[in-house]
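Working notes, structure below.
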Amino acid sequence: MKKSNIIMLLAAILPLGLFLFPLWKITLEAPQYPIPLGMYIHINDFSDANPHDIKNINLMNHYVGMKYIPDAIPEFKIFPIGIIITSVIGLLIAFKGNYKWFLGWFILMIAISAAGMYDFYLWEHDYGHNLDPKAIMKFTNPDGTQMGFQPPLFGSRDILNFKAHSYPQLGALFLTLGIATGLIAYFIGKKNHKKSLLM
Amino acid sequence: MKNLLKLTLALVFVLFTYTSCNNSKSSDNKSGALASNVAEKVYVAPGEHDEFYAFISGGYSGNLTVYGLPSGRMFKEIPVFSQFATSGYGYSEETKPMLNTSHGFIPWGDSHHPDISQTKGEIDGRFVFINENNTPRIAKIDLKTFETTEIIEVPNSAGNHSSSFVTENTEYVVAGTRFSVPIPQRDMPINEYKGNFQGALSFISVAPETGNMDIKFQVLMPGFNYDLSHPGRGKSHGWFFFTTYNTEEASSLLEVNASQNDKDFIAAVNWKKIEDYVNNGGGTMMPADYAHNVYDEHTHTATSTMKKEVRVVNPVDVPGAVFFLPTPKSPHGCDVDPSGEYIVGNGKLSANLTVHSFTKMLAAIEGEKFDGEAYGIPILKFEDVLAGSVEQPGLGPLHTEFDGQGNAYTTFFISSEVVKWKLGTWEVIDRKPTYYSVGHLTIPGGNSGKPQGKYMFAMNKITKDRYLPTGPEMEHSAQLYDISGEKMELLLDFPTHGEPHYAAAMRADLIKERSQKIYNLEDNKHPYAAFTDDDTKVVRKGNEVHIYMTTIRSHFSPDNIEGVKVGDKVYFHVTNLEQDFDVPHGFAVLGQNTSELLIMPGQTKSSVWEPTKVGVWPFYCTDFCSALHQEMQGYIRVSPADSNTPIKWSLGEDIE
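For the protein sequence lines, the chains are A and B, in the order given.
Here the numbering used here is used: the first residue of the first sequence is 1, the next is one more, and so on.
Here the numbering used here is used: the first residue of the second sequence is 1001, the next is one more, and so on.
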C-alpha cells in the first residue's frame, strides 16, 4: 500500500473520534455559579458538563422564554450517519482510489463541516431568538427590537449577567485533523505521482 | 545588545523587588507594626474558606452549631435533640420519629460533648457524635450533609454526661451516666441510695461502613457519679477512663455531702476484655425500653424502633477488666494525652492537677498492689499510678487538651484562665486569662492521637462586658488563641449559641472532600415523592388527604386544590424538583400549627395541616428561591365537614 493511501486511511479514521469525544462546549459563567454551567455537544447528543447542568440551564433560560434544550434534535440522527458515510467513503478511496480522490474527499469534508456549522448557527439563532411570547421577562435592545440570547458560534460573549463561551472540543480536533490529513495525503500522493512519472 | 542589557537590568530589578518584598513580609511576622495586628490572623478574605471547622454543642439548645476557625463565623445550626423551626426538623412527618423516646416524643434536649469519628486514631471527618444529657440519648450527625441521621436512647442511664467519646477506630461511642439510679428503675425510698443505686457505662458499637449504632453492652458500676470520660489510645487503646465524684454515695445536698472524700476515683475499664467476655456469651439480657431512631437518606424519612432489652455486665464477673485509680478531689475532666500514656484527672476541688501513668497502672495491676476494693472492684494505690502532678497551677481545674507537641492546656473555672504546661516535667509554661469562667476548651483534632494544633479555643460561661452589657440574658462567648508559639496569644472573641458546652474541631478540607450538595432525584425513594408535574395528585383516604406536590422555580404543582373539608388531616408531601446546588423551596399554609418545611433540591418532606375553618387559604414558598419567589403561591379550598365538594387539583388552567 502506498504511503499516501496509508495517510488517507488515517484521515478517514480520525473523524470517528467524534464518537468518543465531544465536538463542542458551551459554558455559562455568572457570579452565582461558582462552578459555571456547561454543556457538551456530541455528534449525537447533548451532555452535562457537571451533573444536572442542562436541567439548570433550562430552568434559568425559561425566564426569558427560551425553549427547553431537547433530548434529541433531528441533526443528532443525521450527523452520525454523515460521519460514518464520509469515513466509509474515505476508507474506500484509501484502499482503492488515487490521490485525486483524496482532494475530492477533502472538499466533501469541508463542505459537510461548513454545512454542519451553519446548521449549528441556525439552531443557536432559533434557540436564542425564537422566544415564548408569554416569557416572564422581556428584554429589548436599545433600538426597541427584541433582545436575542444566542450563544456565540465561536468565542465568548456577554449575555445579560452571563458570560457565554463556545469552543470546540477534542472531537472537533479529531475531525479537523482528519480533514487536514486528507489534504496532506493528497499532496503526498501528488508528489509521489510526479516522482513515479519522472522515474 | 543594548536591549539585552536593559532587559537583564530590568529582570534583576524585578527579582530584587520581589525578593526584598518577600523579606519584608517574613520579617513582619516577627517584629514591626504588624506583629501586634492580631486581626490579620483571624481575617478570612471574601471567598476564602476557614482552615478549620468547629462543632460546638448548643448545651440546652439541644443542637450543634458549626463555626469556622480562625474567623469565628457561625455557618450552621444543626438540629439534633430539639425541634427546629428553621428547617422543620422535629416538625415534619419525616423527622418527628427522630425525637421519639421511651418517654414519648421529646422536643428538647441538653446536648453536651460532640466527638468526631476516628480511623487509626486520627479524625476521619465522617460523623460527629453528641450526647443528650437529660433524657439519655446519643446522636450521630453525618458530616456529608450536616444532618442528624441516628439517635439511640440509652436505658438504665440518667444524666448522660460522660459521653459521647469514641475509641480510636470508632469501634464504640461510650455513654457513661452522671447520676446513678435504681436499675431497673423502681419505686423505692431515695435515702436507700447507698448500695442500691448503680451507674451504667454504655458501650455503643458503630458499624464500620454505615455507622449504624447499637448498644453492645452496659457495665453496671457502683452507685457513684460518672462525670466525664476519655478513651485510651495508642498503648492504652482498649481501655476507657471515667472520672467519678460522689463516691460517698450521698443523695442529698451533694455540694457538701459529695465533697467529703479526699479522693474519688478514675474508673479504668478494659473494654476489650469485656467485649471478649460478651462475644463469648457473657453478660445477661435485661428488659429495657429504649428508642432507636434512624434517618434513611434515600426515603428522607426517619423510623423509630422501640427496643426491649439490653445486655448488662457485672464488672465483678470479668476479673481484670475494671480498676479504680484514686484521684483527688471530685475530679471533673478526664483527659488522655495523644500517646495514651497520661491520664489527667482534674480534681476540681484540688489545688493540684493529678496525672496518672498508664504504664504504672499496668504494672500496679500486674503486681496486684491493691488498696482495698469498692463493691468488688480493686482500688489501686494512688502513689503507684501517679505519674506526677502540676503544683498549684490555678483554681478550679476542669478540662485538658493537648497540642501533640508534648504540651497540655488546662482550663481553670474559678481563676478564669487557661494554663499551658508540659507533660513529663509538669512545669507551667504559660497562662492566659479568659473572659470569663471557662468550662471546656478545644484544640482541633483533640481526643485523637494526632491533634491538629495551631489554635485552641476556650468556651466561657459568662460574657459580661465582652458585648453590650444588655441582658440579663446574653449569648455565651468563646475565645480563640493562637497556640503555634511558646506563648498563647488571644486572637478573637466570638459569641456562641446556647451553652457552648464542648466542641470538636477539625481541618476543613476533610469535610470539603466529603460534602454532598444536592439529593439526586433518581435516588429519592420517598413513598410520597412526585418526580414530575404529571405525578402530582390529591388522594383522599377516609378523612386523610394526601397531596403529592412538587416545587420548581417558581411554582407549586398543583397550586389550586379543592375538596378538603374541615376535620380532615391534610398531608402536604412536597418534592423539590430542583437539582441545582442551593435552591431550596419552602412550604407553609395559613393556620399551620407545626412549622414551615424547608425542602432541599431533590428532597421530599411532609407536613400535616388540620384545617379548622371553612375558607380558601393560601400556601406559599417560605424560602426566597428566585426572581419570582413572591409569585410562588397557591390556594387550598376548605369546605364544611358535611359538604360534597369533590377532590380537584390543577395548575395553570386559567391562563391561555
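Backbone N, C-alpha and C define an ideal beta-carbon position, used for all residues, glycine too.
Note that the structure is a prediction, hence the values are computed from the model and not measured.
So with Cβ pairs under 8 Å, would you call residue i a contact of chain B?
| i | result |
| --- | --- |
| N58(A) | no |
| Y40(A) | no |
| K55(A) | yes |
| H129(A) | no |
| H52(A) | yes |
| A30(A) | no |
Suppose contacts are defined by Cβ-Cβ distances below 8 Å. Is residue i in contact with residue j by that definition?
| i | j | result |
| --- | --- | --- |
| E1341(B) | T1359(B) | yes |
| W1421(B) | T1411(B) | no |
| K1454(B) | S1484(B) | yes |
| K1569(B) | V1614(B) | no |
| F1324(B) | I1379(B) | yes |
| D1115(B) | A1504(B) | yes |
| N1169(B) | T1135(B) | no |
| D132(A) | G65(A) | yes |
| S87(A) | L175(A) | no |
| I1552(B) | E1578(B) | yes |
| V1583(B) | F1572(B) | no |
| F1052(B) | L1064(B) | no |
| R1637(B) | K1144(B) | no |
| S1330(B) | D1264(B) | yes |
| V1419(B) | L1441(B) | no |
| S1164(B) | I1130(B) | yes |
Does any residue of chain A bring its CB to less than 8 Å from the CB of residue i?
| i | result |
| --- | --- |
| C1021(B) | Annotation note: pLDDT 42 at C1021(B) (below 50); position unreliable, no value reported. |
| G1032(B) | With a pLDDT of 48 at G1032(B), under the threshold of 50, the modelled position of this residue cannot be trusted; read the value that follows with caution. Cβ-Cβ to chain A under 8 Å: no for G1032(B). |
What number of angstroms, rounded off, separates the C-alpha of residue i from the C-alpha of residue j?
| i | j | result |
| --- | --- | --- |
| P1611(B) | K1565(B) | 8 Å |
| T1496(B) | P1444(B) | 17 Å |
| A1175(B) | T1400(B) | 19 Å |
| T1101(B) | H1112(B) | 18 Å |
| L91(A) | I179(A) | 13 Å |
| E1309(B) | D1124(B) | 32 Å |
| P1182(B) | V1173(B) | 24 Å |
| L177(A) | I13(A) | 10 Å |
| W1426(B) | P1338(B) | 16 Å |
| S1061(B) | Y167(A) | 53 Å |
| R1186(B) | A1508(B) | 47 Å |
| I1511(B) | E29(A) | 26 Å |
| G1104(B) | A1200(B) | 22 Å |
| F961(B) | K1432(B) | The structure shown has nothing for residue 961(B), since chain B only spans 1001 to 1656. |
| P1319(B) | I1274(B) | 9 Å |
| H42(A) | N130(A) | 23 Å |
Which residues in the same chain have their Cβ closer than 8 Å to the Cβ of residue i, if we skip the five residues on either side of it in sequence?
| i | result |
| --- | --- |
| F1146(B) | V1066, K1076, I1078 |
| Y1635(B) | D1559, N1560, I1561, V1616, W1617, P1618, F1619 |
| Y1193(B) | S1180, G1223, E1249, A1250, S1251 |
Give me, in chain order, the residues of the same chain whose beta-carbon lies closer than 7 Å to that of residue i; leave out the 5 immediate sequence neighbours on both sides.
| i | result |
| --- | --- |
| E1094(B) | H1300, T1301, A1302, K1605, S1606 |
| E1631(B) | S1554 |
| R1466(B) | Y1435, S1477, D1493 |
| G1372(B) | I1379 |
| F1240(B) | V1174, S1229, P1231, G1232, V1269, W1271 |
Quick one: what's got a C-beta closer than 6 Å to residue i's C-beta in the same chain, skipping five residues either side?
| i | result |
| --- | --- |
| E1391(B) | N1352 |
| F1242(B) | S1162, G1176, Y1226, S1229, A1267 |
| V1322(B) | V1269, P1315, I1377 |
| P1397(B) | N1346, L1353, T1410, F1412 |
| K1041(B) | L1491 |
Inset, instruction - Determine which residues of the stretch 1602-1629 of chain B have a Cβ less than 8 Å from any Cβ of chain A, and write them out in chain order. - result: A1627, L1628
Inset, instruction - Below 7 Å between beta carbons is the criterion; list the residues of the stretch 133-156 of chain A that meet it against any residue of chain B, in chain order. - result: I136
Inset, instruction - Taking a Cβ distance cut-off of 7 Å, strictly less, list which residues of the stretch 1112-1141 of chain B are near chain A, in chain order. - result: none
Inset, instruction - Would you list, in chain order, the members of the stretch 1567-1601 of chain B that have their beta-carbon closer than 7 Å to a beta-carbon of chain A? - result: Q1579, D1580
Inset, instruction - Anything in the stretch 1543-1566 of chain B with a Cβ closer than 8 Å to a Cβ of chain A? List those residues in chain order, please. - result: I1552, R1553
Legend entry - Interfacial residues, the stretch 59-70 of chain A to chain B, with Cβ spacing under 9 Å: L59, M60, H62, Y63
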